[in-house]
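Working notes, structure below.
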Amino acid sequence: MDEELIIVTAPNEAGRKFIKLLIYLKRPFAVLTNNVKEERELKKLGVTQIIRIHTNNTDEWVVPEQRVGRIFIFENSLNLTCRYLQICRPWTSRPIYVITRADNSPGIYRGLGANHIIHTLNGEVGFLLK
1 MDEELIIVTA PNEAGRKFIK LLIYLKRPFA VLTNNVKEER ELKKLGVTQI IRIHTNNTDE
61 WVVPEQRVGR IFIFENSLNL TCRYLQICRP WTSRPIYVIT RADNSPGIYR GLGANHIIHT
121 LNGEVGFLLK
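Mapping to full-length UniProt numbering: the sequence shown position 1 is 1, numbers consecutive.
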């Protein structure tokens with residue numbers, strides 16, 4: 001049986017550190033992005049599987065072909081995090097984690113399907129992969 005694909009959004013340094021850990025651990029993952037600039041930066045990091053999606057065009061919100069497992073959304077903005085939750089929640093029944101430094105209401109994210117909201121100042125969340 002194929003291992004589940006981990007989905008990550010990495011619009012900040014904490015997300016990029018998490019990606020480096022996934023590469024080091026040789027875990028199957030894909031990074032979700034909504035812009036070409038971030039896609040180029042991800043490729044420089046060594047990411048091979050990138051899902052670029054137009055967050056405003058619901059017709060393009062397709063489920064990845066590989067079985068999706070856990071999803072880790074690193075918050076950059078409230079609006080984009082909410083949009084990613086709307087896009088990703090139908091992809092998996094496994095937990096979705098929102099990693100944030102902000103004090104946005106966790107109720108918003110939970111209402112959109114997040115199972116866990118992790119508040120961190122340093123962005124170190126590698127323990128979530130255990």
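Note that beta-carbon positions come from the ideal geometry of N, C-alpha and C, so glycine has one too.
If I measure Cβ to Cβ from P95 and keep anything under 7 Å in the same chain, skipping five residues before and after, which residues do I get?
Excluding sequence neighbours, P95 sits near R70, N115 and H116.
By alpha-carbon positions, which one of Q49, Q86 and R101 ends up nearest to W61?
Measuring from the Cα of W61, the nearest candidate turns out to be Q86.
Going by DSSP, what residue range makes up the beta strand (DSSP E) through L32?
Segment F29 to T33, the beta strand (DSSP E) holding L32.
Run the CB neighbour count on E75, radius 10 Å, all protein chains shown included, and call it buried at 16 or more, exposed below.
With 16 or more Cβ atoms within 10 Å of its Cβ, E75 is classed as buried.
Could you spell out where the beta strand (DSSP E) holding residue 143 opens and where it closes?
Any property of residue 143 remains undetermined from this structure, which presents the chain solely from 1 to 130.
Rounded to whole angstroms, what's the CA-CA distance from S77 to E65? Just pull it up for me.
If you take the alpha carbons of S77 and E65, they lie about 28 Å apart.
Work out the CA separation of I23 and G46 for me, nearest whole Å.
When rounded, the distance between both Cα atoms is 8 Å.
DSSP state of V36, grouped into three classes?
V36: helix per DSSP, three-state reduction.
L25 and L129 look like a contact to me (Cβ under 8 Å); what is the Cβ gap, rounded to whole Å?
So it is a contact: roughly 7 Å between Cβ atoms.
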